[in-house]
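Below: one structure, written as structure tokens.
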Amino acid sequence: MEFKEVIGRRRSIRFFDPEKPVEREKIQIMLEAARLASCAVNAHWLKAIVMQRDYIPEDMLEKLKTPVLNVQLDLAPTHIYFFIDLGVVNQIQGSRLKELVDVGALPPTHGWSHRFVDELVYPQILKPLTEQPAYAAVAAADAGMAAGQALLAGVDEGLGVGLNTPNPEHIHEVLGVPEDWMMLWVLLVGYPAESWDAGGQRPRPPFEGQFFDGEYGVPFERDEAVVDDLKAANMIQRQAVPNDPERKAEIKALAERFGLPL
Amino acid sequence: MSEDLELGNMLDYEAVQIWLDGLRQHWGGDPVTDDSERLPTLEAFCQFVRVDPDDIIKQCKRVNKSGDPRISVKGRRKYASLIDEFQIQSQGSRLQKAKRGNTVRSFLIHNAILLAPGAQMTGSE
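Sequences listed follow chains W and H, in order.
First residue of the first sequence? That's 1 in this note's numbering, and the numbers climb one at a time after it.
First residue of the second sequence? That's 1 in this note's numbering, and the numbers climb one at a time after it.
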């Protein structure tokens with residue numbers, strides 16, 4: 001699939017086919033995509049545990065549920081639990097930056113050397129950063145981007161995906177992860193039981209209200225010719241509309257299939 | 001054997017009206033006639049728990065110290081488990097039992113008491 005179409009086709013899938021397992025190689029492709037994401041200071045905060053729903057003991061699965069994350073956990077055959085490894089910066093102490101120096105990604109032309117990392121970057125910038133209240137947000141933004149790449153790779157592989165938040169109260173107990181791993185998301189993966197269109201692309205706030213040109217308050221003007229090109233490339237697709245009879249009929253049929261309330 | 005709870009006309013309860021309005025707005029049609037089992041099922045549940053519809057909703061809500069309405073976790077859990085019990089003891093096939101449970105869950109959902117039951121793979125009966 002073309003990259004733009006992958007972006008356009010993505011929906012947060014909430015109805016998965018519970019009986020159709022995901023091929024292991026497709027999960028690996030998603031993880032490979034996450035691993036190659038852009039990453040600040042080459043720290044790689046993102047960690048993940050892949051769980052097959054059918055192998056999660058029922059009492060554990062119940063503990064991961066929240067009132068808004070219940071049906072999806074039951075339906076999705078594969079769950080990828082993403083974490084932010086907050087301890088990683090102080091474990092690697094700049095060593096991965098020095099790898100980037102060695103391979104020429106961080107060259108002396110831009111001020112980089114092993115000594116610069118050892119004497120300034122790690123002790124004066126990174127280590128203090130890990131003690132700042134904002135540290136978790138920085139790490140989460142980075143990890144989120146990597147998880148986003150996994151998600152798009154899943155769409156490219158023909159899978160349905162959806163990011164959700166499992167019950168944080170029990171996550172460490174259930175998955176046995178280190179205490180300094182902070183819960184990020186669970187990425188639910190499977191083949192959609194709903195249509196790919198799933199009612200259309202979700203409503204978004206106006207473009208010009210989100211993006212500014214040169215200074216705050218000056219909207220970045222949207223060129224309709226570009227919009228048309230993106231429509232032709234299937235990146236911008238039919239937008240979901242309220243009370244769409246087709247979507248309602250689809251949800252009713254899914255509710256009946258899975259025994260869900262209306 | 002304990003006597004039945006004395007219930008008024010189900011349509012007169014505010015929580016029932018909210019439920020039916022919600023169904024009407026979301027799905028269209030007439031929720032009373034398009035599923036003739038809907039109201040009798042809720043009535044049976046009220047008899048099962050011996051609480052009227054408005055009180056069920058009241059028990060699932062609370063007001064915090066600042067006076068803002070909140071969902072009562074305790075109340076929601078209590079009714080989630082009572083609905084499960086009601087569903088299990090209901091007569092009929094697994095599909096019919098799930099439908100009865102989901103009718104009551106729908107009543108709570110449309111009264112803003114979030115209550116996802118989890119998937120019940122009725123097709124595997």
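Every residue gets a Cβ at the ideal spot worked out from N, C-alpha and C, and that includes glycine.
query, result
"Partner residues on chain H for V241(W), Cβ-Cβ distance less than 7 Å", "Correct list: empty, because the minimum Cβ distance to chain H is about 14 Å."
"Candidates K20(W), P192(W), L46(W), P21(W), of which the one nearest E32(W) by Cα", "L46(W)"
"C-alpha distance - D228(W) paired with D197(W), whole-angstrom precision", "19 Å"
"Straight-line gap, S124(H) to L114(H) (C-alpha atoms, nearest Å)", "Note that S124(H) scores a pLDDT of 39, beneath 50, so its modelled location is shaky and nothing firm can be said."
"Rounded Cβ spacing between V6(W) and L159(W) (contact assumed at less than 8 Å)", "V6(W) to L159(W), Cβ: 11 Å. No contact."
"Test: N64(H) CB closer than 8 Å to a CB of chain W", "no"
"Validate contact between the stretch 47–57 of chain W and the stretch 77–88 of chain W using beta carbons, cut 8 Å, 3 pairs", "yes"
"Rounded straight-line distance, which links the Cα of V51(H) to that of R238(W)", "46 Å"
"Nearest candidate by alpha-carbon position, reference I84(W), set G104(W), I29(W), A43(W)", "A43(W)"
"Rounded distance between the beta-carbons of I83(H) and V104(H), thought under 8 Å", "5 Å"
"Best match in G92(H), A44(H), R24(H), H26(H) for proximity to D4(H) [C-alpha to C-alpha]", "A44(H)"
"Cβ-based contacts, 8 Å cut-off: residues of the stretch 104–115 of chain H near chain W", "R105, S106, I109, L114, L115"
"From H110(H), R94(H), D55(H), residue whose alpha carbon lies closest to that of L7(H)", "D55(H)"
"4 or more residues per run - each alpha helix (DSSP H) lying fully within the stretch 131–214 of chain W", "135–156, 171–175, 207–210"
"Sequence-distant residues of its chain with Cβ nearer than 8 Å to Q28(W) (five each side left out)", "none"
"Own chain residues within Cβ distance below 7 Å of Y13(H), not counting five before or after", "D52, P53, D54"
"Where the beta strand (DSSP E) through Q52(W) begins and ends", "46–52"
"For K63(W), the residue or residues it bridges with in DSSP", "Answer is none; K63(W) lacks a bridge partner."
"Strand pairing of Q239(W), partner residues [DSSP]", "Q201(W)"
"Chain H residues whose Cβ lies nearer than 8 Å to that of K264(W)", "Chain W is shown from 1 up to 262; residue 264(W) falls before or after that span and cannot be answered."
"Separation of S90(H) from R100(H), as counted between CA atoms", "8 Å"
"Chain W contact for G118(H) (CB, 8 Å cutoff)", "yes"
"Uninterrupted beta strand (DSSP E) stretches inside the stretch 26–106 of chain H (no shorter than 3 residues)", "61–63, 69–71"
"Classification of S66(H) by the beta-carbon crowding that lies within 10 angstroms, buried from 16 upward", "exposed"
"Neighbour flag for K248(W) against chain H, beta carbons, 8 Å", "yes"
"Check whether K65(W) and L73(W) have beta carbons under 8 Å apart", "yes"
"Per-residue contacts from L163(W) into chain B (C-beta, under 7 Å)", "The structure shown contains no chain B; the protein chains it does contain are W and H."
"Under 8 Å from the C-beta of W27(H): neighbouring residues of chain W", "K248, K252, L262"
"Reduced DSSP secondary structure (H/G/I, E/B, other) of F266(W)", "Here chain W has residues from 1 to 262 only, and residue 266(W) is not among them."
"Partner residues on chain H for L75(W), Cβ-Cβ distance less than 8 Å", "A119"
"Within 8 Å, strictly: CB atoms of F48(H) and F107(H)", "no"
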